[in-house]
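The structure appears below as structure tokens.
Number of protein chains: 2
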Amino acid sequence: MDLRPLLTESEAKILFIVADGLGGIDSGGRGTELEAARTPNLDRLASQGATGLTYPVAPGITPGSGPGHMALFGYDPVEHNIGRGVLTALGIDFDLEPGDVAARGNFCTLDSDGVVTDRRAGRIDSREGARLVRMLKEIRLDDVEVYVEPVKEHRFLLVLRPKTQALGARVDDTDPHRIGTPPREPRAQEEKSQQTARAVSEFVAQAREILAQEEPANMVLLRGFAQLPQLASLRESYGLDGCALAGYPMYRGIARLLGMKVVDCGPDLDSEINALKTAWPHHDFLFLHFKETDSRGEDGDFDGKVAAIEKLDRAIPRMIELQPDVIVVTGDHSTPSALASHSWHPVPVLLNANTCRVDGVVGFGETACAGGGLGHLPAKHLMTLALAHAGHLRKFGA
Amino acid sequence: MDLRPLLTESEAKILFIVADGLGGIDSGGRGTELEAARTPNLDRLASQGATGLTYPVAPGITPGSGPGHMALFGYDPVEHNIGRGVLTALGIDFDLEPGDVAARGNFCTLDSDGVVTDRRAGRIDSREGARLVRMLKEIRLDDVEVYVEPVKEHRFLLVLRPKTQALGARVDDTDPHRIGTPPREPRAQEEKSQQTARAVSEFVAQAREILAQEEPANMVLLRGFAQLPQLASLRESYGLDGCALAGYPMYRGIARLLGMKVVDCGPDLDSEINALKTAWPHHDFLFLHFKETDSRGEDGDFDGKVAAIEKLDRAIPRMIELQPDVIVVTGDHSTPSALASHSWHPVPVLLNANTCRVDGVVGFGETACAGGGLGHLPAKHLMTLALAHAGHLRKFGA
């Protein structure tokens with residue numbers, strides 16, 4: 001619902017601590033990673049607060065990082081699904097401008113008949129990827145500026161920037177999403193995207209020529225053509241002056257899209273907390289992003305994820321001493337190490353504030369949170385709950 | 399949400415075991431029927447899986463069998479409400495064709511002033527109902543074929559099949575839904591249904607003449623005019639090749655509407671399980687319907703319902719030995735024997751799969767499920783959850 005008519009002044013400060021991929025599942029009888037971890041500080045926050053489980057998108061849906069974070073910031077993640085091209089640009093700190101069309105690229109392998117035999121060219125390493133990107137940087141197109149940037153391994157970013165005429169982004173993927181078939185034509189889905197499709201077509205033709213003698217990566221596949229979305233900022237939506245402490249580019253990028261101040265800091269928790277302390281007096285919504293929980297989950301490393309959670313727990317007192325009025329600790333999705341990937345399982349959350357209804361849950365873990373006082377709720381409601389506990393929202397109706 | 403963009407190949411098989419009217423309420427301090435029953439096999443599935451409570455339509459809404467099953471198959475039961483006439487046809491295995499208009503009929507009693515004094519003609523028995531239906535089969539109409547079929551007691555099915563011009567189904571009930579007033583005119587709600595209304599009017603006039611000397615059933619009341627809905631099949635919606643093992647016609651009919659293969663089998667659990675074993679290799683979504691729990695609930699027979707649940711429990715090992723990747727056990731609604739009818743109480747559900755987050759619930763019962771890891775959720779999400787646990791869904795967003 002539109003909260004703007006309900007917004008009211010408050011000095012209260014809200015701290016969102018987002019442990020990426022926090023949720024897990026049991027494997028080996030030790031409970032989830034969060035349950036197996038020794039977390040006295042998180043347990044104390046939970047026992048003096050309210051807990052629950054969230055679904056970032058919907059029950060059974062596995063969220064990408066984009067939807068996961070959009071939901072945490074109170075934006076419906078289906079309505080505001082940020083395109084893959086844009087997220088790729090955000091992920092490498094590329095300074096995307098309004099009107100730019102961004103796409104995610106893969107180096108791939110074609111056989112002599114022009115059929116895709118490997119969509120990732122054997123997952124060539126990042127060094128090789130960067131070398132090929134340097135070759136593609138030679139490509140010039142009429143009326144459109146071209147940017148090609150390496151991402152990781154076989155991945156790269158393509159950005160088309162209009163010189164004269166505006167570009168649409170509704171262009172079909174050239175990636176056929178399966179092997180045994182040639183790359184697809186970049187067909188425009190609307191009149192406004194015709195010029196984009198022509199430019200993409202020309203880019204692909206030149207890339208094919210440039211890469212013809214390379215091996216195993218002799219072609220490119222493009223997908224997720226997208227432009228910067230029009231999003232109301234946190235200030236417009238909630239009257240909040242937001243600030244992001246996030247070491248990884250993609251999360252910084254999403255925060256920037258929502259008008260948050262993005263502080264330069266390293267990717268490690270200590271750097272982020274130091275930056276948090278510096279930023280603290282100047283903002284009323286602070287978002288700290290902790291990546292390691294997701295990384296260890298993606299690695300399939302149960303003990304590593306447990307250790308990451310314990311590291312976060314040890315850092316909690318340094319954040320509490322800033323005396324946030326509302327603390328939310330949660331994740332943007334689950335990443336069970338047993339699955340070594342994002343998953344659909346609902347995400348544990350704790351909310352701690354003086355105005356909480358304490359719910360009798362005494363430890364921070366998935367099983368305990370399933371019976372918590374916040375219930376099982378769409379993650380997009382967390383922001384409303386935080387605003388309410390911070391005294392930022394008036395009564396609705398008389 | 400539309401799952402089609404997220405579908406991905408998986409070999410995993412999903413088994414839905416639907417105990418009709420499963421949910422109950424306590425009466426006499428023994429807990430619900432499910433809680434009073436000895437169910438070691440269901441308890442084991444629950445303790446190694448995830449549990450919750452579902453509401454098929456919405457909190458407080460008592461579902462009919464149609465909405466209850468549509469929700470289980472992931473279709474919003476309000477958006478896709480199958481008309482009563484169609485469900486009546488499905489319930490007696492009548493081979494309804496697209497374009498047919500079906501209605502549910504009651505034999506009723508009129509007094510000498512033409513006022514309805516009993517909407518069910520004293521609930522005449524099925525034999526008497528069938529005799530009267532045979533009389534109505536004499537009715538002929540211009541431009542429309544007429545089918546009249548007995549259902550049970552005072553109930554019958556009317557089907558109008560167009561010969562030339564298409565028929566609409568938006569016609570008011572002739573059933574006034576109360577006594578002390580004459581039957582209503584079958585008024586068309588739109589131009590396209592004018593011919594239907596005229597045909598119904600002529601049918602009713604002839605029926606009144608034919609039945610004039612009968613007692614107590616001397617007239618008919620019609621309601622729920624409807625046509626076969628346009629529904630995406632399970633294959634279109636989820637890429638699933640579905641198969642229904644259901645002894646009762648209505649459930650077979652609903653399954654057929656959704657493009658499932660419907661196997662011929664008797665109405666008893668043993669026949670259904672034998673058919674399940676035969677069908678198993680050829681499908682990836684298998685729906686087994688168990689009717690007795692609802693029947694005993696409708697009878698107001700607590701012990702009978704307990705015995706039905708125990709019978710289902712004893713059959714569980716024979717289904718597990720097929721090694722389904724995802725097992726869902728639930729009901730389409732609650733039928734507490736204390737109320738002897740369908741009810742609005744949420745329905746216990748267990749989901750068992752290797753990819754489950756086990757939730758600490760150790761027995762399958764309503765009270766335990768209320769604290770389960772699936773939470774309290776609309777039943778239409780169960781299909782998404784089953785697909786997720788079966789590896790049929792890709793990540794949403796990047």
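Respectively, the protein sequence lines represent chains A and B. Counting from 1, one number per residue, gives the positions in the first sequence under this note's numbering. Counting from 399, one number per residue, gives the positions in the second sequence under this note's numbering. C-beta atoms are modelled at their ideal positions from N, C-alpha and C, and glycine is treated no differently.
- When DSSP assignments are scanned along the segment 244-327 of chain A, the uninterrupted stretches of beta strand (DSSP E) that are 3 or more residues long and fall wholly within it turn out to be 285-290.
- Interface with chain B (9 Å Cβ-Cβ cutoff): ALA370 (chain A) is included.
- In this structure, ALA417 (chain B) keeps its C-beta atom at 9 Å or more from the C-beta atom of THR782 (chain B).
- Counting only the Cα atoms, LEU674 (chain B) lies some 23 Å from GLN446 (chain B).
- Within the model, the alpha-carbon separation for SER739 (chain B) versus GLY458 (chain B) is close to 14 Å.
- Considering only beta carbons, the part of the segment 746-774 of chain B lying closer than 8 Å to chain A consists of THR753, CYS754, ARG755, VAL756, ASP757, GLY758, GLY769, GLY770, GLY771, LEU772, GLY773 and HIS774, in chain order.
- Under the DSSP assignment, ILE415 (chain B) falls in the beta strand (DSSP E) whose first and last residues are 412-417.
- ASP43 (chain A) carries a helical assignment under DSSP once its states are collapsed to helix, strand and coil.
- Taking a Cβ-Cβ threshold of 9 Å, the residues of chain B close to ALA58 (chain A) are MET399, HIS779, THR782 and PHE794, in chain order.
- Within a 10 Å sphere around the beta-carbon of PHE396 (chain A) sit fewer than 16 other beta-carbons, which makes this residue exposed.
- Within the segment 554-633 of chain B, the complete alpha helix (DSSP H) runs of at least 4 residues fall at 592-609.
- Scanning its chain for C-beta atoms nearer than 6 Å, with the 5 sequence neighbours on each side dropped, one finds around ASP711 (chain B) the residues THR437, ASN439 and LEU440, in chain order.
- Considering only A:LYS380, A:ARG104 and A:VAL328, the residue with the shortest C-alpha distance to GLU153 (chain A) is A:ARG104.
- The three-state secondary structure of CYS754 (chain B), taken from DSSP, is coil.
- The beta carbons of GLY489 (chain B) and GLY695 (chain B) sit about 18 Å from each other, so the pair does not count as a contact at 8 Å.
- In the three-state reduction of the DSSP assignment, GLU431 (chain B) falls in the helix class, which pools H, G and I.
- Residues of the same chain with a CB within less than 8 Å of the CB of ASP523 (chain B), apart from the 5 flanking positions on each side, are GLU551 in chain order.
- Just so you know, the alpha carbons of LEU737 (chain B) and SER510 (chain B) end up roughly 37 Å apart.
- The segment 375-391 of chain A and the segment 51-59 of chain A touch, with no fewer than 3 CB-CB distances between them shorter than 8 Å.
- According to DSSP, residue pairing for VAL546 (chain B) in a beta bridge involves B:LEU556.
- Here the segment 521-536 of chain B makes no contact with the segment 624-638 of chain B; the two share fewer than three CB pairs at distances below 8 Å.
- Rounded to whole angstroms, the gap between the alpha carbons of GLU149 (chain A) and PHE156 (chain A) is 6 Å.
- Distance between ALA586 (chain B) and ALA597 (chain B), taken at the CA atoms: about 11 Å.
- Distances from the CA of ARG119 (chain A) to each of A:ASP172, A:ALA308, A:ILE327 and A:LEU221 were compared; the closest alpha carbon is that of A:LEU221.
- The C-beta separation of GLY566 (chain B) from SER591 (chain B) comes to about 3 Å, placing the pair in contact by the 8 Å criterion.
- Think of a sphere of 8 Å around the beta carbon of LEU785 (chain B): the chain A residues whose beta carbon falls inside it are GLY60, in chain order.
- DSSP places HIS389 (chain A) within a helical segment (H, G or I) once states are collapsed to three.
- Taking CB atoms only, VAL146 (chain A) has no neighbour in chain B less than 9 Å away.
- Looking at the DSSP output, GLY375 (chain A) sits in a beta bridge with A:GLY52.
- One finds nothing in chain A with a Cβ atom closer than 7 Å to the Cβ of LEU440 (chain B); even the nearest lies about 20 Å away.
- Take ARG559 (chain B), set aside five residues on each side of it, and the residues of its chain with a beta-carbon closer than 6 Å to its own are ASP498 and GLU543, in chain order.
- By DSSP's assignment, THR733 (chain B) forms no beta bridge with any residue.
- Under the Cβ distance rule, LEU555 (chain B) does not count among the residues neighbouring chain A, no pair being separated by less than 9 Å.
- In the displayed model, THR117 (chain A) falls within a strand according to three-state DSSP.
- Boundaries of the beta strand (DSSP E) around LEU110 (chain A): 101-110.
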